[in-house]
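J.: With this note's numbering applied, the sequence shown has no gaps in its numbers, which climb one by one up to 146 at the end.
For glycine and all other residues, C-beta sits at the position ideal for the given N, C-alpha and C.
Quick one: the structure is below, questions incoming.
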Amino acid sequence: MSASLAPFHLAVPVHDLAAARSFYGGVFRCREGRSAAQWVDFDFFGHQLVAHLDRSRRAFSPPAHGNEVDGHAVPVPHFGVVLGWEDWQELAGRLAAAGVRFAIAPGIRFAGLPGEQATFFLYDPSGNALEFKSLRDPSLLFVS
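Rendered as structure tokens:
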């Protein structure tokens, strides 16, 4: 993993911009950037996440598919970030204390193996699945 990664840009559909602002800005403390009547930018851990209003989207529409990974049905599609170990622990603890409902609770995946990682999944108010993970050894992110 490079020490200076280029930020990604990701646009996701949301059913309500106020709910997106509350979730990404409130729950995750993401700074809001530019916005218009149909979209809002967030600084999502240094990356540009854009919530685009999709009036055809229901209030909560989770992915219909999940793949089995280490005993859990991982929602497909999903997105998220890889955090440092301590940052992941702090975020998981803060979200749990705030009563955030996890789709897959914080835990360790692939315990004792080279790709051992901490991970949790949750959904935003529009059903977009997010994963937050951390590897004990970040250099193994792309190693099989």
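What's the gap between the Cα of Q40 and the Cα of S24?
T.: Cα-Cα distance, rounded: 16 Å.
J.: Return the bridge partner residues of Q50 from the DSSP annotation.
T.: DSSP output for Q50 lists H11 and D45 as bridge partner(s).
J.: Provide the residue span of the beta strand (DSSP E) that contains A21, from first to last.
T.: Segment L19 to A22 is the alpha helix (DSSP H) holding A21; no beta strand (DSSP E) there.
J.: What are the boundary residues of the alpha helix (DSSP H) that L93 is part of?
T.: From DSSP, the alpha helix (DSSP H) with L93 extends over W87 to A99.
J.: Alpha carbon to alpha carbon, how far is E34 from P108? Give it in angstroms, no decimals.
T.: Near 26 Å, if we compare the C-alpha coordinates of E34 and P108.
J.: Per DSSP, what kind of secondary structure is S141 in: helix, strand or coil?
T.: Looking at S141 - three-state DSSP - the assignment turns out to be helix.
J.: Kindly give me the distance between the Cβ atoms of V29 and A100, rounded to whole angstroms, as I take these residues to be in contact under 8 Å.
T.: At roughly 7 Å, the Cβ-Cβ gap stays under 8 Å, so V29 and A100 are in contact.
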